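Chemist:
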Amino acid sequence: MLKIPFTNLTVSPISLGTGGVGSSVGPDLSRELLDLYAESGGNLIDTAHSYGDWVPGERSVSEKTIGRWMKDRGNRHEIVISTKGCDPIIGGEPRPTRFTKAELLSDLDDSLKFLRTDYIDFYWIHKDEPDRSFGEILDTLSEERKKGKIRYYGCSNWSVERMRAADEYCSGRGINPFAGDQVFWNAGVLADRPFHSDTTGFVDAERYAYHRETGTVIFAYQAQAFGYFNRLFNGTLDKMNEGFKSFYAEEEMLRRFERMKKIMERTGLTVTQVVLGYLTGQAVPTIPIVGCQNKEQLRDSMTALSVALNAEQIKFIEG
Numbered sequence: 544m545l546k547i548p549f550t551n552l553t554v555s556p557i558s559l560g561t562g563g564v565g566s567s568v569g570p571d572l573s574r575e576l577l578d579l580y581a582e583s584g585g586n587l588i589d590t591a592h593s594y595g596d597w598v599p600g601e602r603s604v605s606e607k608t609i610g611r612w613m614k615d616r617g618n619r620h621e622i623v624i625s626t627k628g629c630d631p632i633i634g635g636e637p638r639p640t641r642f643t644k645a646e647l648l649s650d651l652d653d654s655l656k657f658l659r660t661d662y663i664d665f666y667w668i669h670k671d672e673p674d675r676s677f678g679e680i681l682d683t684l685s686e687e688r689k690k691g692k693i694r695y696y697g698c699s700n701w702s703v704e705r706m707r708a709a710d711e712y713c714s715g716r717g718i719n720p721f722a723g724d725q726v727f728w729n730a731g732v733l734a735d736r737p738f739h740s741d742t743t744g745f746v747d748a749e750r751y752a753y754h755r756e757t758g759t760v761i762f763a764y765q766a767q768a769f770g771y772f773n774r775l776f777n778g779t780l781d782k783m784n785e786g787f788k789s790f791y792a793e794e795e796m797l798r799r800f801e802r803m804k805k806i807m808e809r810t811g812l813t814v815t816q817v818v819l820g821y822l823t824g825q826a827v828p829t830i831p832i833v834g835c836q837n838k839e840q841l842r843d844s845m846t847a848l849s850v851a852l853n854a855e856q857i858k859f860i861e862g
C-alpha cells in the first residue's frame, strides 16, 4: 500500500479507472470488475462526473454505477474515491465555461448523490480554463473541505505555470494547495500532444521537475498507452485505434519496446508489469490508473501491484 504524500490516504499502488463503467462496459460486467479489483487488493477508484456522458442516455453513469456497487457491498469505508468536476464537455457538448463556483458546487453535490456518499476522498478540477482566474475555484474547494465534503483536492490537465501560481495563491491565503496532479503519462514517447489537444496535460521534463520539487503525487491516466506495448508484444498493433496510435513516435516506441523486452528476459516480468512498473518506480510518487474492459485485462494489470522498476531499469527503457 502507498500513503499519498500530504494526505492521510493509504491506497493501492494501482487505481481502477472507470471511464467505461456502466456505459461501454455493461452494468453486470462493471460490477464484476469492481468486485475483482477489490478482491485483488485494490481500493482506489477513479471516476468523474462526466464519465459515460459520451454515450446517449443516462448521464454520470460511471458514478452512479460505483455508488450502487458500494451501497450493495457496504464497503464505502474500504474504498478511496477519486472523482472530478468542472468538465466543460457535458453530455458530449462543449459549454462556454464551467469554471465557476456554481458549477463546481453543482458537480460536487451531484457526485456525492450519485456515489451515495457524504464525502469525496480526492476531488479534482477536471479541466483548466487558463484565461480565467482560479481564485474562486480554490477558495470554494477549501470551503468544501472544511465542511467535510472533500478530504483532499487536486487538478487535472493544468499547466505547470498554472499549478505554481495556484500554489502561491494558496500560500498567500493560508489554504491547502492542490495535493496532486492527474495527467496523461505512460512509458511511451509522444509524437504529438495527447488527443492532439492543447488542453491535455502530459508529463514532460518541466512537470517532472515540479513534482520532484513539491513531492506531490501524479495520478497517471492512460498508464498503459492504450495497450500499445501489449499489442506490440501480442502482434496486434495493426488493430489499434489509429487515432490513439498517432499520439506516439512509432520508431522510438519500437526501440523502447526492444529495451523493455530485455528487462522482461532478465527479470521474468510480463510486459504489463514492466509498463506499470515504469510508473510506480519513478522518483516522484506516481499512481497509474488502469482502465480495463474485461476481467482478463484487470487480472493482468493487478499482477503489477507489487512491481516497481528501479532507476537503472527506467533509465535503460528511456535510452
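Each number in this note's numbering corresponds to the 1-based position in the sequence shown with 543 added.
Positions of the beta carbon are idealized from the N, C-alpha and C atoms, including for glycine.
These numbers were taken from a predicted model, which means no experiment stands behind them.
Three-state secondary structure (DSSP) at C698?
Modeler: C698: strand per DSSP, three-state reduction.
Chemist: Could you work out which residue in S558, G617, H592, T553 is closest to K607 when comparing CA atoms only?
Modeler: When each option's Cα is compared against that of K607, the closest is H592.
Chemist: Does the distance from the CB of Y791 to the CB of A748 come in under 8 angstroms?
Modeler: It is not a contact, given that the beta carbons lie outside the stated cut-off.
Chemist: Does the distance from the CB of Q825 to the CB of T846 come in under 8 angstroms?
Modeler: No, these two residues do not count as a Cβ contact at 8 angstroms.
Chemist: If we count the other Cβ atoms within 10 Å of its Cβ and call it buried at 16 or more, is N853 buried or exposed?
Modeler: With fewer than 16 Cβ atoms within 10 Å of its Cβ, N853 is classed as exposed.
Chemist: Between which residues of its own chain and A768 is the CB-CB distance below 6 angstroms, once the five residues before and five after are set aside?
Modeler: Counting only Cβ-Cβ distances below 6 angstroms, and skipping sequence neighbours, we find N729, G731.
Chemist: Exposed or buried, what is S844 when buried is set at 16 or more other beta-carbons lying within 10 Å of its beta-carbon?
Modeler: Classification of S844: buried, given that the 10 Å Cβ count is 16 or more.
Chemist: Have a look at G744 and D630 and give me their C-alpha separation to the nearest angstrom.
Modeler: Going from the Cα of G744 to the Cα of D630 covers about 14 angstroms.
Chemist: In whole angstroms, what separates the C-alpha of R688 from that of L552?
Modeler: Roughly 15 angstroms between the two C-alpha positions.
Chemist: DSSP three-state call for K546: helix, strand or coil?
Modeler: Strand, per DSSP.
Chemist: Rounding to the nearest angstrom, what Cα-Cα distance links K546 and R619 in this structure?
Modeler: Using only the alpha carbons, I get a separation of about 19 angstroms.
Chemist: Using 10 angstroms around the beta-carbon of K692, count the other beta-carbons present and answer buried if the total reaches 16, otherwise exposed.
Modeler: Answer is buried; the Cβ neighbour count reaches 16.
Chemist: For M807, which of F859, Q836, E785 has the nearest alpha-carbon?
Modeler: That would be F859, whose Cα lies nearest to the Cα of M807.
Chemist: Where does G691 sit, in a helix, a strand or coil, going by DSSP?
Modeler: If DSSP states are grouped into helix, strand and coil, G691 belongs with coil.
Chemist: Are at least three pairs of beta-carbons, each pair with one atom in the region 759-768 and one in the region 829-838, less than 8 angstroms apart?
Modeler: The region 759-768 vs the region 829-838: in contact.
Chemist: Quick check on DSSP: helix, strand or coil for K627?
Modeler: K627 falls in the strand class under three-state DSSP.
Chemist: Contact defined as beta carbons within less than 8 angstroms: I believe S566 pairs with V598. What is the distance between those atoms, to the nearest angstrom?
Modeler: Indeed they touch by this definition, with Cβ atoms about 4 angstroms apart.
Chemist: Flag this pair as yes or no: are the beta carbons of S702 and K670 separated by less than 8 angstroms?
Modeler: No; because the gap between Cβ atoms is not below 8 angstroms, this pair is not in contact.
Chemist: Check this for me: beta carbons of S558 and L587, under 8 angstroms apart or not?
Modeler: Yes, they are a contact pair.
Chemist: Evaluate D615 with the Cβ neighbour count: other Cβ atoms within 10 Å of its Cβ, from every protein chain shown; 16 or more gives buried, anything less gives exposed.
Modeler: With fewer than 16 other Cβ atoms within 10 Å, it is exposed.
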